[in-house]
Amino acid sequence: MRMVFRWYGRGNDTVTLEQIKQIPGVEGIVWALHDMMPGEEWPMDKIMAYKELSDAHGLHLEVVESVNVHEDIKLGLSTRDLYIDNYIRTIEKLAKVGVKTICYNFMPVFDWTRTDLYKELEDGSTALFYEKAAIDSMDPHELVRKIAVKPDLTMPGWEPERLAQLSVLFEAYKNVTEEDLWGNLQYFLERVVPAAAEHDIKMAIHPDDPPWPVFGLPRIMTGRDSIRRLLDLVDSPYNCVTLCSGSLGANPANDIAAMVREFADRIPFAHIRNVKVYENGDFVETSHRASDGSVDTVEVVRAYSDIGFTGYARPDHGRHIWDEKCRPGYGLYDRALGIMYLWGVWDAAERAKKERMNG
Ligand code: DNO
Ligand code: MN
């Protein structure tokens, strides 16, 4: 397991590379050019700036999250080829600085969806929260006003430029079914995966967060069956999944540890975090500890140890603790604590494995 840490870039993140370097076992950053719009080709000089920064701090930049997919690709419009060409040229450039895995998602309009970014937990910390009944009855514009406007730093997936076109997008998706979305994903992968393979880069789709349709928009990456279908769309070791235990874990029917074992050779990138799921379908992000939430994170990490996982992992999100002012879900403290928990389980599992082997 190779531990990495998401970093939004200088001036765009409250956490510094110096701090990241001091978290035990973190070897690289998970990054992106956050000022690029989906569909734009990433310029080499901006990519090189990240390379120089990460080199200077002794961290690698082998994992990109995300190169976002333009809506026209997801909608299957005739303009998609142009955006796919740009995507492929971005892949070629990322290969030049040693990128090995690209995380992306195929969620229409919205990326991750929550109703409250600062829900207070019993211990006084705050965390991202999803209230099912609120989403089910809410106008999406209302949510955008509530979520996207508040933070000082814009959040990926919630860029004002993208959201300004909300009504237009909803109209465009009106007749797009889940099957249409699958077809458009296949079209995208059939072009992009061979290019990625040529450059030894794994394309790793992030599951939908939460893993069910929101606001009547189709969502297809929701659990075991859809991951199987995705991997079969283009049967290549470069067509992979970012297994996110928190996103998938919002549906208690998802057995994440079983997925780790089943899709072992197609998971280059693990997101490992916990969520507490309530009976009414609400969920809140908790600490990484198994007993704090509904995801058995101990079993998940054990499964990674069992399969001899050599991919990248990140603690994904954390709570906001100790009065830290940070991007929602992306503070230093709780993610660092999460990493130490994951290492604790991992080291114990690896030790037990060795002892079993030595009889
Ligand atoms: C949720 C997070 C997401 C993720 C993007 C990937 O679990 O990891 O924000 O980064 O959906 O494209
Ligand atoms: Mn995730």
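Heads up: the sequence shown begins at 167 in our numbering, then just goes up one per residue.
Just so it is clear, CB atoms sit at the ideal spot from N, CA and C, and this is done for glycine as well.
Nothing here was measured: the structure is a model prediction, and the numbers come from that model.
With 6 Å as the limit, the residues whose C-beta approaches any heavy atom of the ligand MN more closely are H372, C410, G412, S413, H437 and D482, in sequence along the chain. Checking the 7 Å criterion, the Cβ of D302 is out of range of every heavy atom belonging to the ligand DNO. Between V467 and T452 a beta carbon distance of about 16 Å is seen, past the 8 Å cut, so the two are scored as non-contacting.
Residue environment: N446 is assigned as exposed (fewer than 16 neighbouring CB atoms within 10 Å of its CB, all protein chains considered). The nearest non-hydrogen atom of the ligand DNO is 7 Å or more from the C-beta of E451. The DSSP-derived three-state label of W509 is helix. Distance from the Cα of P376 is smallest, within the candidate group F336, E258, E297 and K520, for E297. Inter-segment contact for the stretch 493 to 501 and the stretch 455 to 462 is absent: fewer than three beta-carbon pairs are separated by less than 8 Å. The three-state secondary structure of N234, taken from DSSP, is coil. In the DSSP assignment, Y478 is bridged to R168 and F435. Secondary structure of L260 (DSSP, three-state): helix. Secondary structure note for M304: it is in no beta strand (DSSP E), with a DSSP letter that is neither H nor E.
Relative to the ligand DNO, the beta carbon of E231 is positioned inside 7 Å of a heavy atom. For secondary structure counted as the beta strand (DSSP E) over 3 or more consecutive residues, the stretch 373 to 412 holds these complete runs in sequence order: 405 to 410.
With respect to the C-alpha of K519, the residue from M425, H307, I473 and M202 having the closest C-alpha is I473. For the alpha helix (DSSP H) assignment, the uninterrupted runs of no fewer than 4 residues enclosed by the stretch 188 to 229 are, from N- to C-terminal side, 210 to 222. With respect to the 8 Å criterion, V426 and I371 are not classified as neighbours on the basis of their beta carbons.
With a threshold of 7 Å, the Cβ atom of N271 counts as near the ligand DNO, since some heavy atom of the ligand is closer than that. D277 and P373 have their alpha carbons spaced roughly 10 Å apart.
In the DSSP assignment, T292 forms a beta bridge with E286 and H486. The ligand DNO never approaches D500 closely enough for any of its heavy atoms to be under 7 Å from the residue's Cβ. Here G191 is actually not in contact with I438; their C-beta atoms are around 13 Å apart, not less than 8 Å. Within its own chain, the residues whose Cβ lies closer than 6 Å to the Cβ of E490, once the five positions on either side in sequence are excluded, are G497 and Y499, listed in chain order. If you look at F429, you'll find it isn't in any beta strand (DSSP E); DSSP assigns it neither H nor E. Rounded to the nearest whole angstrom, the CA to CA distance from L260 to L227 is 10 Å. Across the set V230, K217, I250 and E207, the C-alpha of V230 shows the shortest separation from the C-alpha of F171. Scanning its chain for C-beta atoms nearer than 6 Å, with the 5 sequence neighbours on each side dropped, one finds around D482 the residues G412, H437 and R439, in chain order. F295 is not a Cβ neighbour of R311, given a cutoff of 8 Å.
In the structure shown, V181 falls within a coil segment according to DSSP collapsed to helix, strand and coil. D305 and N350 have their C-alpha atoms roughly 27 Å apart.
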